[in-house]
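Working notes, beginning with the structure itself.
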Amino acid sequence: MPAAARPKPFRREFNARARLTVCLLVTCVLLGAGRGDQDWTNYVRIGAYSLKSDNAEKIVANATASDVSGIEVDNDIPGRYESFLNPEEKLKAIRAVAEKAHAAGSHAFVYIAGLECITANADKTPHSLAKDHPDWLQRKITGETAIFGGGTAFWIAKGDEDVWVSPYAPEWRKTYMERVRQIAATKIDGIYVDIPYWMTHFEGWEDSWASFDDYTIAAFKQQTGLDAKHDLKLGDLADSNFRKWVDFRIQTITDFMAEIDRTAKAVNPEIKTIPEIYPGIEEAAVRVGADVYSLYGVVDAIAHEYEYGEGDHMASSRTPLDWFCYQVGMHSFRAFAQGKATWILNYSWDGDKSDRRESMMNLAMSEVMANANFWDAPGHVMAGSNDLPTRKRIFSWIKEHEKTLYSPRTPIDPIGVYFSPATRNYFANDFIDSYRGILIWLMQEHREFQVVTPGTLPGFEGSSLILPDVRIFSETEKAALHSYVERGKTLIIAGENATGLPAAPQTILVQTSPGKDYMSALAKGFEKTTPERERELSQILSQKPLIGVVASPMIATSIARVGEKPHVFFANFAGLKGHVNPVQTPQNGTQVTIAGATAGRGFFLPFLGEVQTLTGTAENGSMTYTLPAIEKGAVFWYEP
């Protein structure tokens with residue numbers, strides 16, 4: 212809860228010590244099962260490099276010098292028509308960098324394009340992908356092909372041909388998967404698949420809902436019996452047939468990535484498949500067809516080039532509200548991942564007046580506090596750094612404290628917030644506003660939260676679950692919700708009730724949408740809006756938490772158990788002003804109270820700092836710790 216509403220140390224009307232002990236035991240069992248599932252992708256510190264035929268040794272030396280442990284190399288084989296046909300030279304370079312990386316104790320992964328292919332100097336050559344195979348291209352419903360020239364995007368040079376291929380083009384897909392097999396045979400540690408998208412993100416294609424090429428239309432007809440050109444109302448999400456088209460497009464991209472993963476692992480079982488995806492939790496996932504909720508189930512990790520809102524998306528340009536919204540995205544991704552790694556490819560600074568080093572640190576802090584892996588990149592490109600000494604400082608600190616930052620985080624006593632993929636697919640804006648508002652409210656209230664999905668709902672054990680304007684449930688989901696209530700848990704239905712459950716003591720109907728209301732208020736005046744605004748929600752969730760936090764609402768908190776110890780992760784966004792001020796206002800007076808504890812030590816780890824030991828105060832069956840000033844971010848944990 213905000214510092215302005217600071218109470219006396221929390222009192223308990225029940226046996227908090229016993230409850231905490233049960234949580235400890237359950238968590239230990241979960242951790243014992245989960246640790247073995249982690250691998251290098253969970254701890255990686257990422258930098259990118261352009262791979263040539265003769266620079267593998269230099270790349271690895273430069274990476275090692277700045278504590279990069281995950282080396283991305285750009286040497287795209289299927290995304291360049293010349294190497295799509297003749298990959299031998301690039302395969303040799305990939306093999307060389309894999310050997311050098313392994314000798315240095317690092318891991319390397321190679322970039323390949325998903326459904327995009329560029330022919331260099333196509334204006335001067337008789338052969339290009341589009342000239343040789345026009346039937347492979349994605350198309351609008353009106354027949355235009357997805358072919359573009361220099362200047363359409365910054366990576367397309369003058370004279371080049373840029374095309375987007377249908378994943379159902381059989382000859383192309385056969386060759387593509389053969390290239391995947393060949394790459395896997397080089398012993399590279401990962402295949403990094405960028406832009407596995409339907410073409411909806413270039414100008415003039417935003418509302419195309421592509422692709423309507425013959426191969427895709429035939430596949431949709433085979434699966435549904437529908438003619439995509441005539442049997443659906445394009446863009447009308449109220450139309451049941453168009454919803455089938457939406458689902459088909461998402462499943463197609465998911466299946467494509469699953470085949471890449473199977474194909475690579477058939478050659479090298481240890482290789483990792485990592486797609487780069489820019490859509491996050493919002494409507495863009497539906498339009499582009501690359502849905503990270505679905506993709507996490509078929510790959511080893513996802514690199515999120517996540518963009519929230521408008522503008523340039525730089526860390527240096529973000530407002531405090533932007534930072535909180537990015538927190539919502541990252542915590543959602545961590546829930547979708549279910550233990551797999553979440554990499555964040557965001558950008559810190561690109562030439563504005565603010566200090567690039569501060570922007571780099573802010574970006575890294577915001578990501579590691581959310582249990583995501585930091586990728587240092589300059590400007591709007593993947594390779595390089597805005598400031599190598601700052602990269603070294605950040606990565607060295609992450610390396611020293613990687614167990615604290617990246618060991619599995621398990622719930623203690625969470626309030627659940629439900630993410631419904633189906634509702635997002637068909638009612639994106641209403642749902643996301645409500646969902647995002649609830650999560651920001653919980654972060655500012657400093658309550659432990661857990662994003663719950665259809666996949667994790669049956670095992671969710673938190674005492675309360677919020678459904679933020681969820682409008683669509685499968686029968687399986689409805690049964691799981693009924694079971695949840697039957698176990699004595701509290702279901703909070705905000706907005707429309709699509710569960711089929713009547714109002715009852717354990718099923719609370721909130722006719723308004725507190726999340727949407729709170730999000731609207733934040734957008735109008737972030738610094739003037741405090742969690743106290745949502746009184747009804749506060750009253751419903753009035754039970755005191757096991758881990759109590761008193762802090763400024765400008766700090767986003769997340770609470771979890773790491774190892775056998777309760778941890779609180781703090782991300783401070785107070786005072787940040789886009790393009791003007793990248794230095795936070797330090798926050799004082801933060802307190803953490805451990806219910807059911809009468810002794811024990813607290814520990815405080817400031818971002819880029821060293822661990823400090825804290826002495827707590829015992830009162831009313833709890834231990835309370837007052838933290839030093841939080842500058843950028845920090846971690847607190849308790850040991851009995």
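So for the sequence shown, my numbering puts the first residue at 212; every next one is plus one.
Positions of the beta carbon are idealized from the N, C-alpha and C atoms, including for glycine.
Residue environment for ASP587: buried (at least 16 other C-beta atoms within 10 angstroms of its C-beta).
When secondary structure is reduced to three states using DSSP, ASN582 falls in the coil class, being assigned neither helix nor strand. The residue from GLU268, SER543, ALA709 with its alpha-carbon nearest to that of GLU310 is GLU268. Judged by their CB atoms, TRP560 and ALA526 are nearer to each other than the 8 Å cut-off. Taking all protein chains shown into account, LYS739 has fewer than 16 neighbouring C-beta atoms within 10 Å of its C-beta and is therefore exposed. Counting along the chain, HIS313 sits inside the alpha helix (DSSP H) bounded by residues 299-314. Secondary structure at ALA512: strand, using DSSP grouped into helix, strand and coil. If you look at ASP561, you'll find it isn't in any beta strand (DSSP E); DSSP assigns it neither H nor E. Between the C-alpha atoms of SER277 and SER577 there is a straight-line separation of about 20 Å.
ILE704 sits close to ILE719, with the two beta carbons spaced by under 8 Å.
At a Cβ-Cβ threshold of 8 Å, PHE660 and PRO619 do not count as neighbours. In the DSSP annotation of this structure, the continuous segment of the beta strand (DSSP E) that includes PHE320 starts and ends at 318-324. For ALA546, the closest C-alpha among the options TYR629, ILE428, ALA421 is that of TYR629.
Taking C-alpha positions only, THR252 is separated from PHE459 by approximately 30 Å.
DSSP places GLN433 in the helix class (H, G or I) of the three-state scheme. DSSP places ARG812 within a strand segment (E or B) once states are collapsed to three. Proximity to ARG384 across VAL497, ILE649, ASP466 peaks at ASP466, based on C-alpha coordinates. When DSSP reads this structure, ARG772 sits in a beta bridge with THR621, PRO777. By the C-beta criterion, the region 762-771 is judged to be in contact with the region 639-659, since at least 3 inter-stretch pairs fall below 8 Å. Taking the C-beta atoms as reference points, TRP409 is found nearer than 8 Å to GLN349. According to the DSSP assignment, THR252 belongs to the alpha helix (DSSP H) that extends over 251-254. Out of ASN584, PRO378, PHE780, ARG635, the CA that lies nearest to the CA of GLY325 is found in PRO378.
Secondary structure at GLU327: strand, using DSSP grouped into helix, strand and coil. The Cβ neighbour count for THR474, taken over all protein chains shown within 10 Å, is at least 16; the residue is labelled buried. Pairwise C-beta distances place the region 486-500 in contact with the region 508-523, as three or more of them are shorter than 8 Å. With 16 or more other CB atoms across the displayed protein chains lying within 10 angstroms of its CB, GLU842 is buried. Selection TYR617, ALA315, GLY820 evaluated against MET580 yields TYR617 as nearest (Cα-Cα).
Within the region 675-704, the complete beta strand (DSSP E) segments at least 3 residues long are 675-679, listed from N- to C-terminus. Per DSSP, TYR379 has no beta-bridge partner at all. Out of LEU296, GLY500, LYS301, the CA that lies nearest to the CA of ASP418 is found in GLY500. The alpha-carbon of ILE323 is positioned some 44 Å away from that of TYR695. A straight-line Cα-Cα distance of about 11 Å links PRO756 and VAL803. Counting other Cβ atoms within 10 Å of its Cβ, PHE359 reaches 16 or more and is therefore classed as buried. Taking every protein chain shown into account, the CB of ASN557 has 16 or more other CB atoms within 10 angstroms, so this residue is buried.
Put simply, the backbone Cα of VAL503 is about 8 Å away from that of PHE544.
When DSSP reads this structure, ASN792 sits in a beta bridge with LYS788.
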